[in-house]
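These protein sequences, in sequence, are chains A and B.
For the first sequence, position 25 (counting from the first letter as 1) is numbered 13 according to my numbering, and the numbering increases by one without interruption.
For the second sequence, position 158 (counting from the first letter as 1) is numbered 248 according to my numbering, and the numbering increases by one without interruption.
Ideal placement from N, C-alpha and C gives every residue a C-beta, glycine not left out.
Bear in mind that the values here come from a model prediction, so they are computed numbers and not experimental data.
Structure first, commentary second.
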Amino acid sequence: MQLDDLKPAWQQFKLLSTMHPIDANEILSMIEHPESIAKTKLQKALYTMVMFMVIAIFCQGG
Amino acid sequence: MEKHHFLQIINSNRGIIKSLCKVYYASNEDQKDAFQDIILQLWKSVDTFRGESEISTWIYRVSFNTIINKIRKDKKSVSAEPITKSHLYISHAKADDNVELLSMVIQSLKEIDKAIVILYLEGYRNKEIAEILKLSATNVTTRFNRIKDQLKTKLKTTSHATR
């Protein structure tokens, strides 16, 4: 099999990715309030850090 | 650019953006993050698009640059894996054999190489790929020849294994 044989597969893969429509309000929120994206990422990072610390503290005894 | 026009562009090209997110990130959460970053970058750079190329080319350019920068920044990418051990991120999508094979092939490549293969499959020439990825044409040609050699062996092994 050659790489060229996978060209139709890439088109099909893209088609599969279009199956779920995009929510216009969600896109508008992303471009109108980019700071909310940064805020969510910060929250996720903090959550991960706290979870890591909790696990590290509990594992210290072992 | 008007927001409703931008929304139309995103909607018409959502297949490209979502596919790239799926190719580079395994979890839904990471895919969503990457999607948000791409949308934001597209919006920020939309006024620099002068219509000299296809809109899909511009979307590929911004999307690849956003994803590759993001991967370099948070070092959270899915690393290249041996082709036989690659995760099938699209297995739930009722994909046929060739789509699954494509997924395995792409997942076995490193970040830049993935981009080169995807753009090749999309029908771009080496020179255009170089422009989109901001690489030299020689670099793209060298990488692409190496990728083809690697894949030739891998695809041969995979097709033997599936018989």
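- In this structure, the straight-line span from the alpha carbon of V207(B) to that of T156(B) is close to 17 Å.
- I100(B) has a beta carbon lying within less than 8 Å of a beta carbon in chain A.
- The CB of K27(A) never comes closer than 8 Å to any CB in chain B; the least such distance is about 12 Å.
- For the stretch 100 to 139 of chain B, the continuous alpha helix (DSSP H) assignments of 4+ residues that do not extend past its boundaries occur at 104 to 114 and 118 to 135, in sequence order.
- Residues of chain A whose Cβ lies closer than 8 Å to the Cβ of Y210(B) are, in chain order, L(-9).
- L199(B) is not a Cβ neighbour of I15(A), given a cutoff of 8 Å.
- Ranked by how close their Cα comes to the Cα of P9(A), the residues W148(B), R104(B) and G213(B) have R104(B) in first place.
- Contact between L209(B) and I222(B) holds: CB atoms are separated by about 6 Å, below the 8 Å threshold.
- The DSSP-derived three-state label of Y214(B) is coil.
- Straight across, the Cα-Cα distance linking E201(B) with I45(A) is about 36 Å.
- Neighbours of V189(B) in chain A, taken as residues at a C-beta separation under 8 Å, are given in chain order as A(-3), Q0, F1 and L4.
- When DSSP states are grouped into helix, strand and coil, M91(B) belongs to the coil group.
- A227(B) and R215(B) have their C-alpha atoms some 10 Å from each other.
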